[in-house]
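Per the numbering used here, the sequence shown runs over residues -15 to 283. Here a beta-carbon is modelled for each residue, glycine too, at the ideal position from N, C-alpha and C. As the structure is a prediction and not an experimental result, all values here were calculated from the model. Notes follow the structure.
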Amino acid sequence: MARTITVGVDGSAESGAAAEWAAREAKLRELPVRLVQVWVPVPEPTAQAPLLGAETHQRWTERIPREAAEGLRLRHPGVEVSAEQRTGTPAEVLVEAARDVELLVLGSRALSGLGGFLVGSVGHAVIARTETPVVLVRAGQQAADEHVTDPAGVPSAATAFRPVVLGLDDPDATVVAFAFEEAQRRKTALYAVRAWDTWPYAVYTVGSGFEHHEDFSRQRADALAETLRPWRQKYPDVEVVETSRPGSAATLLIDASRDASLVVVGRRVRRNPLGSHIGAVTHAVLHHATAPVAVIAHD
């Protein structure tokens, strides 16, 4: 595996935020960053136009990764940054670029007035088709957003990292290991979140409506603690906070993302002729979490 963090860039604000996040992550991991810009050949009628021809368009787009790399080198001294332009369909090129690298980083943009973020068709296609960990970073994401505020309540990148949040809907070892590693790199706590459906275990009480059995709640909390026990032993320096609650896993993770530096979720790899999917919980978290989201593929 080439120990590289690869970023898809296209000159947009969201890809710029993704590149900045990748450079910060590269410093934590002591890895180089590779910026990849995809040039889509222009249609034939446009290619023949004297001012908007294919060659002119390609030369103009070549500036995007080159200038982005120059900016990253200035703002993140010590991080090795390379840039390249590839030709083809964005999703296919990025899936190929992600092959055998350590991490792929993409951007997502805010949905105006809807309180969420848009992961476009390219992002969805890449996440569904690659088995490389993919991190989605929203437009406007700043380094200070990943850190606790200073004593005066002012955002600062010099303070401690906010916790890493781990969704344990499907506790695969690959997903859990990624989350613990990220928490350890950031010297911060890991918040492990598992939701469960209360309805099959609910009882009706006069005046309170349906309530879940307290015994079942304890069983679920004990099961979560047992799942995390070997990981606590493997990463003794990582503080672990466990949350086991009835309700929607997506809602719990989205709420937890407001105070997180990173949210880690899994995506089960389904190799079938009907295509690939990212799962309902992961889909919701990608669109509504306020922190960067890491999607980890697993069997």
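Counting along the chain, R113 sits inside the alpha helix (DSSP H) bounded by residues S105 to R113. Around the beta carbon of E(-2), 16 or more other beta carbons sit within 10 angstroms, so the residue counts as buried. The continuous beta strand (DSSP E) containing A281 extends over residues V277 to H282. For the pair D199 and E80, the Cα-to-Cα distance works out to about 49 Å. Linking L152 to E166 through their CA atoms gives a straight-line distance of about 16 Å.
Remark: C-beta atoms of R213 and S228 do not approach each other more closely than 7 Å. In the structure shown, the three-state DSSP call for E51 is helix. A10 is classed as buried because its beta carbon has at least 16 other beta carbons within 10 Å across all chains shown.
A Cβ-Cβ separation of about 5 Å places S241 in contact with T274 under the 8 Å criterion. Ranking L270, I280 and P276 by CA distance to the CA of S105 puts L270 first.
Measuring C-alpha to C-alpha distances from T133 to each of Q125, T143 and A127 identifies T143 as the nearest. Uninterrupted alpha helix (DSSP H) stretches at least 4 residues long and entirely within the segment 209 to 266 occur at 233 to 241, given in chain order. Between the C-alpha atoms of S66 and T(-10) there is a straight-line separation of about 10 Å.
Here Q203 carries a helix assignment [DSSP, helix/strand/coil]. Annotation for A268: A234 place their beta carbon closer than 6 Å to its own, counting only its chain and skipping 5 residues before and after.
Between D243 and R93, the C-beta spacing is not below 7 Å. Boundaries cannot be given for R146, as no alpha helix (DSSP H) includes it and DSSP labels it neither H nor E.
In the displayed model, V77 falls within a helix according to three-state DSSP.
Residues I111, P117, V118, V119, L120, V249, G250, R251, I262, T266 and L270 of the same chain have their beta carbon placed closer than 8 Å to that of V279, with the five preceding and five following residues left out of the count. For the 7 Å CB-CB criterion, V17 and A6 form a contact.
Straight-line spacing of the CA atoms in V225 and R170 works out to 16 Å. At a Cβ-Cβ threshold of 7 Å, H282 and V159 count as neighbours. Just so you know, the alpha carbons of I238 and D(-6) end up roughly 27 Å apart. Under DSSP, V159 forms no beta bridge with any residue.
Excluding its 5 nearest sequence neighbours in each direction, A127 has C-beta neighbours in its own chain below 8 Å: E4, R8 and A141, listed in chain order. Proximity to Q69 across R216, V24 and G137 peaks at V24, based on C-alpha coordinates. Contact annotation: L150 and L174 have beta-carbon atoms nearer than 7 Å. The C-beta distance from P230 to A179 rounds to 7 Å, short enough to meet the 8 Å contact threshold.
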